[in-house]
Amino acid sequence: MHQPILQVAGLTMDFGGIRALNNLDLDVSEGEIVALIGPNGAGKTTFFNCVTGIYKPTKGSIDLFHKKKNRQISLLGMKPNQVTEQGLARTFQNIRLFSQMTVLENVMIGRHCRTKAFILGALLRDKKTMQEEDEIIQTSHEILTKIGLQRYENEIAKNLPYGAQRRLEIARALATEPVLLLLDEPAAGMNPQETIELVNLIQEIASEGQSILLIEHDMKLVMSLSERIFVMDYGKKIAQGTPEEIRNNPAVIKAYLGEEVDA
Amino acid sequence: MFTLQEIKRSLLVSIWFVFLTFPLMVIRVDSIEKTVQWRWMNMVYVAIGSFLLSFVFRYMLQRKEMKSDDNGDDDKKDKTGRSFIHQGLADPRYRNIILGSLLAVALIFPHVFSTYQTSIMTTALMYVVLGLGLNIVVGLAGLLDLGYVAFYAVGAYTYALLYHFFGLGFWVALPIGGLLAAAFGILLGIPVLRLRGDYLAIVTLGFGEIIRLVMENWGEFSQGPSGVSNIPRPSFLGIDMSLDTALIYTYYLMLLFVIFTIFFVNRLQDSRLGRAWIALREDEIACQAMGIDKMKTKLVAFSLGAFWAGIVGVIFAAKTTFISPRSFTFIESAIILSIVVLGGMGSIIGVIIGAFILILLPEYLRALSEYRMLAFGAILVCMMVFRPQGIIGSIRRTYTYKKQTDGEVS
Numbered sequence: 004m005h006q007p008i009l010q011v012a013g014l015t016m017d018f019g020g021i022r023a024l025n026n027l028d029l030d031v032s033e034g035e036i037v038a039l040i041g042p043n044g045a046g047k048t049t050f051f052n053c054v055t056g057i058y059k060p061t062k063g064s065i066d067l068f069h070k071k072k073n074r075q076i077s078l079l080g081m082k083p084n085q086v087t088e089q090g091l092a093r094t095f096q097n098i099r100l101f102s103q104m105t106v107l108e109n110v111m112i113g114r115h116c117r118t119k120a121f122i123l124g125a126l127l128r129d130k131k132t133m134q135e136e137d138e139i140i141q142t143s144h145e146i147l148t149k150i151g152l153q154r155y156e157n158e159i160a161k162n163l164p165y166g167a168q169r170r171l172e173i174a175r176a177l178a179t180e181p182v183l184l185l186l187d188e189p190a191a192g193m194n195p196q197e198t199i200e201l202v203n204l205i206q207e208i209a210s211e212g213q214s215i216l217l218i219e220h221d222m223k224l225v226m227s228l229s230e231r232i233f234v235m236d237y238g239k240k241i242a243q244g245t246p247e248e249i250r251n252n253p254a255v256i257k258a259y260l261g262e263e264v265d266a
Numbered sequence: 005m006f007t008l009q010e011i012k013r014s015l016l017v018s019i020w021f022v023f024l025t026f027p028l029m030v031i032r033v034d035s036i037e038k039t040v041q042w043r044w045m046n047m048v049y050v051a052i053g054s055f056l057l058s059f060v061f062r063y064m065l066q067r068k069e070m071k072s073d074d075n076g077d078d079d080k081k082d083k084t085g086r087s088f089i090h091q092g093l094a095d096p097r098y099r100n101i102i103l104g105s106l107l108a109v110a111l112i113f114p115h116v117f118s119t120y121q122t123s124i125m126t127t128a129l130m131y132v133v134l135g136l137g138l139n140i141v142v143g144l145a146g147l148l149d150l151g152y153v154a155f156y157a158v159g160a161y162t163y164a165l166l167y168h169f170f171g172l173g174f175w176v177a178l179p180i181g182g183l184l185a186a187a188f189g190i191l192l193g194i195p196v197l198r199l200r201g202d203y204l205a206i207v208t209l210g211f212g213e214i215i216r217l218v219m220e221n222w223g224e225f226s227q228g229p230s231g232v233s234n235i236p237r238p239s240f241l242g243i244d245m246s247l248d249t250a251l252i253y254t255y256y257l258m259l260l261f262v263i264f265t266i267f268f269v270n271r272l273q274d275s276r277l278g279r280a281w282i283a284l285r286e287d288e289i290a291c292q293a294m295g296i297d298k299m300k301t302k303l304v305a306f307s308l309g310a311f312w313a314g315i316v317g318v319i320f321a322a323k324t325t326f327i328s329p330r331s332f333t334f335i336e337s338a339i340i341l342s343i344v345v346l347g348g349m350g351s352i353i354g355v356i357i358g359a360f361i362l363i364l365l366p367e368y369l370r371a372l373s374e375y376r377m378l379a380f381g382a383i384l385v386c387m388m389v390f391r392p393q394g395i396i397g398s399i400r401r402t403y404t405y406k407k408q409t410d411g412e413v414s
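Sequences listed follow chains A and B, in order.
Just add 3 to wherever you are in the first sequence, counting from 1, and you've got our numbering.
Just add 4 to wherever you are in the second sequence, counting from 1, and you've got our numbering.
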């Protein structure tokens, strides 16, 4: 078994009197594609927001294992930008691109936390800054080529077709060199053709050793992609296992379809 | 377009305008002779004028809508670099010619025109720098700042008071004024930048007023409403200059600052920091999720914008040799903001043109000075309807890649 890179234990999130997440455990190992599924309102996106620092969880622990530094880092209480710096990058359920910027610039923003140039560098344009800038452009270009968006490079992001916008979000997240990539419903609103392309893309990214945690509604996509699945309902984890196990799990069927009533 | 319905609508518009302007244009109370004058002719003028203008307005609106209908064509134009000004500047040959001739005109300007003209032009140049400074805050980082004049005041008072109390000269005060304004920017920024949009606007508006009121009421420090006078003009190696020479000298100084500012702002815009600002304007949450420190990036934008205001403040104090709190009222902030909005948020050329229009037009149309605010309002309304992106909208930079070090065009 690989080393788990993300370990979440006992995660609880209260909004006033409502418990959106209840004692949730989850782990992702290196190079794995893990899916988190559940009916609407189960708390999947809340989970993402807690992990990425947008919400502050009420209780629990979130630890990221950094291979390069060979130690565990607690993400608890970190700001979203610090979480990203540590190596978690995410996409959003409702697309959040920088819509007035070009496609390439969107990806270049992803390089922000891996580069350093500041006011003086910008003003003086010394050799180091220019090298860094070249590196940003080059890397962003390579990522876009990999994702298959290079022909849109200089388009304004909001003019892209829907599917391409979704892919651009993934490209932007990849530019931060994540240890773990979090995808929040990447296939939402896509047509079947786009979904197939997306599955191929995710598989390609994963084949390069990228660990991925994704939330998804499209069962076909989840079953064909993921190695392990966690199922949530009403903020609690109700099942976990391989796609095969999940498909036959009575608790999952109950959550999705309701209970069978004997006449 | 002259259907019955259109005429009816214009008629309604003109009646409405007559009603609105009735107390202003028709009734005049002569308080000495205690009589009321009824100027009915004015009412007729207003009625006919608004009737005709409403036709023009509707025609323009129709034309604009027609344009956005076949926007397939329009989009293509947008991509290749919209206006001819941008196209001209994109080509290095034309750019050198355009910039060269502009510089030549700017250089010989004070020798051709009178001192009065030079003085006006200096003021316009000051507003160019102020506009470019605010453009960082509002245009790039998307933080609506209505108290920008406060930093301008900080710069001006820094020089005035440093001279008054310690006898420090212009060149020493210049960087101090800028840095102090930047420091005030950070000081204000830390508590305020959690706010967004309208809330931020209101708090910055309050800050601007606070600075002005402190200067007005803290008599022993700033000499209160009577202001600080006898501030020396900028010096040059200690040479004694006549008033005319000093004004021309100030003009060249300001020209130099404008060039520096354009140079720096242009570089900032195209840097890692500039991109972070624009991203912050576009989507704050996504921006943080991409690893950008929101607080730090905003603070830098705020303090850099303030820095330029402080520098111009020092030059302003030196140019007019007299400052009082009345020079730093809210209307100044509003004008600078209008420059940015009118010219085009985030666009350097736009802001420059905006500054010249808003500062020079009122000077040359002094005859109509009574209606200045009216025209001001009308221009802004028309801008928002017909060209919400400003006179010259900003265009995004495009990059090309080769495997060499020369990976980009700039």
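In this text, a Cβ means the ideal position worked out from N, Cα and C, and glycines have one as well.
Predicted model only: the values in this text are computed from it and were never measured.
{"Asked": "C-alpha distance - M70 of chain B paired with Q168 of chain A, whole-angstrom precision", "Found": "29 Å"}
{"Asked": "Selection from B:T301, B:L138, B:Q292 that minimises the alpha carbon distance to V153 of chain B", "Found": "B:L138"}
{"Asked": "Cβ shell of F390 of chain B (< 7 Å), same chain only, five flanking positions each side left out", "Found": "M64, K68"}
{"Asked": "Same chain, Cβ closer than 7 Å to V262 of chain B, neighbours up to 5 away in sequence not counted", "Found": "L129, V132, V133"}
{"Asked": "Contact with chain A by R355 of chain B, beta-carbon distance below 8 Å", "Found": "Checking the sequence shown, residue 355 of chain B turns out to be Val, not Arg. No, its Cβ sits nowhere closer than 8 Å to a Cβ of chain A."}
{"Asked": "Contact list for the stretch 173-189 of chain A against chain B, Cβ threshold 9 Å", "Found": "R175, A176, A178, T179"}
{"Asked": "C-alpha distance - T84 of chain B paired with E158 of chain A, whole-angstrom precision", "Found": "Model confidence at T84 of chain B stands at a pLDDT of 42, short of 50, so the residue's coordinates are unreliable and nothing is read from them."}
{"Asked": "N- and C-terminal bounds of the alpha helix (DSSP H) containing S18 of chain B", "Found": "8-25"}
{"Asked": "Status (buried if at least 16 other CB within 10 Å, exposed otherwise) for I146 of chain A", "Found": "buried"}
{"Asked": "Counterpart residues of R32 of chain B in DSSP-defined beta bridges", "Found": "B:Q41"}
{"Asked": "Residues from the stretch 291-307 of chain B in contact with chain A, defined by Cβ distance under 8 Å", "Found": "C291, Q292, A293, M294, G295, I296, D297, K298, V304"}
{"Asked": "Members of the stretch 48-59 of chain A near chain B, C-beta cut-off 9 Å", "Found": "T55, G56, I57"}
{"Asked": "Supposed contact pair A258 of chain A and D236 of chain A - C-beta distance, whole angstroms, cut 8 Å", "Found": "4 Å"}
{"Asked": "Partners in chain A for Y403 of chain B, counting only beta-carbon separations shorter than 7 Å", "Found": "L107, I140"}
{"Asked": "Every unbroken beta strand (DSSP E) inside the stretch 172-211 of chain A [3 residues or more]", "Found": "183-187"}
{"Asked": "Completely contained alpha helix (DSSP H) runs for the stretch 190-235 of chain B, where each covers 4 or more residues", "Found": "201-221, 223-226"}
{"Asked": "Nearest-angstrom Cα separation, counted from A185 of chain B out to L144 of chain B", "Found": "20 Å"}
{"Asked": "Opening and closing residue of the alpha helix (DSSP H) in which H168 of chain B lies", "Found": "153-170"}
{"Asked": "N-terminal and C-terminal residue of the alpha helix (DSSP H) that I65 of chain A is part of", "Found": "Where I65 of chain A is concerned, there is no enclosing alpha helix (DSSP H), although the beta strand (DSSP E) it sits in stretches over 62-69."}
{"Asked": "C-alpha gap between L177 of chain A and G124 of chain A, whole angstroms", "Found": "25 Å"}
{"Asked": "Three CB pairs or more closer than 8 Å across the stretch 241-249 of chain A and the stretch 47-66 of chain A", "Found": "no"}
{"Asked": "Chain B residues whose Cβ lies nearer than 7 Å to that of R169 of chain A", "Found": "Those within 7 Å of R169 of chain A in chain B number zero; the least Cβ separation is about 14 Å."}
{"Asked": "Segment contact, 8 Å Cβ cut-off, at least three pairs: the stretch 328-348 of chain B with the stretch 236-243 of chain B", "Found": "no"}
{"Asked": "Burial state of K12 of chain B, where buried means 16 or more other Cβ atoms lie within 10 Å", "Found": "exposed"}
{"Asked": "Environment of D187 of chain A [buried if 16+ CB atoms lie within 10 Å]", "Found": "buried"}
{"Asked": "C-beta neighbour in chain A for R279 of chain B, strict 8 Å", "Found": "yes"}
{"Asked": "Secondary structure of Q408 of chain B, DSSP reduced to three states", "Found": "For Q408 of chain B, the pLDDT reaches just 40, beneath the cut-off of 50, and the residue's location in the model is therefore unreliable, although a value from the coordinates is still provided. Q408 of chain B: coil per DSSP, three-state reduction."}
{"Asked": "Against chain A: residues of the stretch 150-162 of chain B by CB proximity under 7 Å", "Found": "none"}
{"Asked": "Under the three-state DSSP convention, the category F55 of chain B falls into", "Found": "helix"}
{"Asked": "Interface residues of the stretch 10-42 of chain B facing chain A [CB-CB below 7 Å]", "Found": "none"}
{"Asked": "Beta-carbon proximity of V255 of chain A to S227 of chain A, cut-off 8 Å", "Found": "no"}
{"Asked": "Under 8 Å between C-beta atoms of I395 of chain B and N84 of chain A", "Found": "no"}
{"Asked": "Spatial distance of V31 of chain A from V225 of chain A (CA atoms)", "Found": "15 Å"}
{"Asked": "CA-to-CA distance, I241 of chain A to L147 of chain B, given in whole angstroms", "Found": "45 Å"}
{"Asked": "Contact residues within the stretch 142-165 of chain A, judged by C-beta distance below 7 Å to chain B", "Found": "H144, N157, I159"}
{"Asked": "Short CB-CB distance (under 8 Å) between D287 of chain B and chain A", "Found": "yes"}
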